[in-house]
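Residue numbers (the working numbering): 778 to 947.
Since the structure comes first, as structure tokens, the remarks are kept for the end.
Pasting the structure below:
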């Protein structure tokens, strides 16, 4: 996670990297760059409480302990963080889902496409938790940068050229 001040909005900006999660009630910009990973923004706009998680894979393996890396563990953990630790109201929480691109065209077998599997699992988890998805920009073959302004509730998605994604991952 990298913090800086956004020159346009003049508020702090937090860059969220792979398998990171951030929850806040501060007026900040949450930003992440996604390829086959999925970014989930959970937002209680009435109380200006939001969080973002950069999900890498659909389901946690038994050997791993990084819960923010997987859809099945990260989304419930972020929801719990927003409600229990920061004070979001569950009935107000809405979700945005971005990413899940299929960056490599070597497989036509949907079961092997990590982006599709990430989107499917994230959708299933959100449905199971009763959190409505109010914005979605998923799939495709290009990476995306998502920016969420917690002060205004505005979300922006920029589609990237493949070269841009590689440069931002470094």
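C-beta atoms are modelled at their ideal positions from N, C-alpha and C, and glycine is treated no differently.
Since this is a predicted model, take the numbers as computed values, not measurements.
query                                                                                                                                                   : result
Hey, residue 822 and residue 808 are a contact pair by Cβ (cut 8 angstroms); roughly how many whole angstroms apart?                                    : Wrong, their Cβ atoms sit about 18 angstroms apart, outside the cutoff.
First and last residue of the beta strand (DSSP E) that includes residue 756?                                                                           : Past the edges of the chain, shown from 778 to 947, lies residue 756, and the structure says nothing about it.
Classify residue 790 as helix, strand or coil using the three-state DSSP reduction.                                                                     : strand
First and last residue of the alpha helix (DSSP H) that includes residue 843?                                                                           : No alpha helix (DSSP H) holds residue 843; DSSP gives it neither H nor E.
Run through DSSP, which three-state label would residue 947 get?                                                                                        : For residue 947, the predicted structure reports a pLDDT of 41, less than 50, and the residue's modelled location is therefore unreliable. A value from the coordinates is still provided. Residue 947 falls in the coil class under three-state DSSP.
In terms of residue numbering, what span does the alpha helix (DSSP H) encompassing residue 895 cover?                                                  : 891 to 906
Under the DSSP definition of a beta bridge, which residues are partnered with residue 875?                                                              : 816 and 914
Check each candidate in 800, 918, 916 and 900 and name the one with the smallest Cα separation from residue 910.                                        : 900
What residues are listed by DSSP as bridge partners for residue 830?                                                                                    : 798 and 817
Who are the Cβ neighbours of residue 880 in its own chain at under 6 angstroms, not counting the five residues just before and after it?                : 812 and 813
My understanding is that residue 873 touches residue 818, with C-beta atoms under 8 angstroms, so please give their C-beta distance in whole angstroms. : 4 angstroms
Could you name the residues that DSSP lists as bridge partners for residue 935?                                                                         : 922
Cβ atoms of residue 875 and residue 921: under 8 angstroms apart, would you say?                                                                        : yes
Would you check if the distance between the CB atom of residue 825 and the CB atom of residue 853 is smaller than 8 angstroms?                          : no
In terms of residue numbering, what span does the alpha helix (DSSP H) encompassing residue 850 cover?                                                  : 848 to 857
So, helix, strand or coil for residue 927, using DSSP?                                                                                                  : coil
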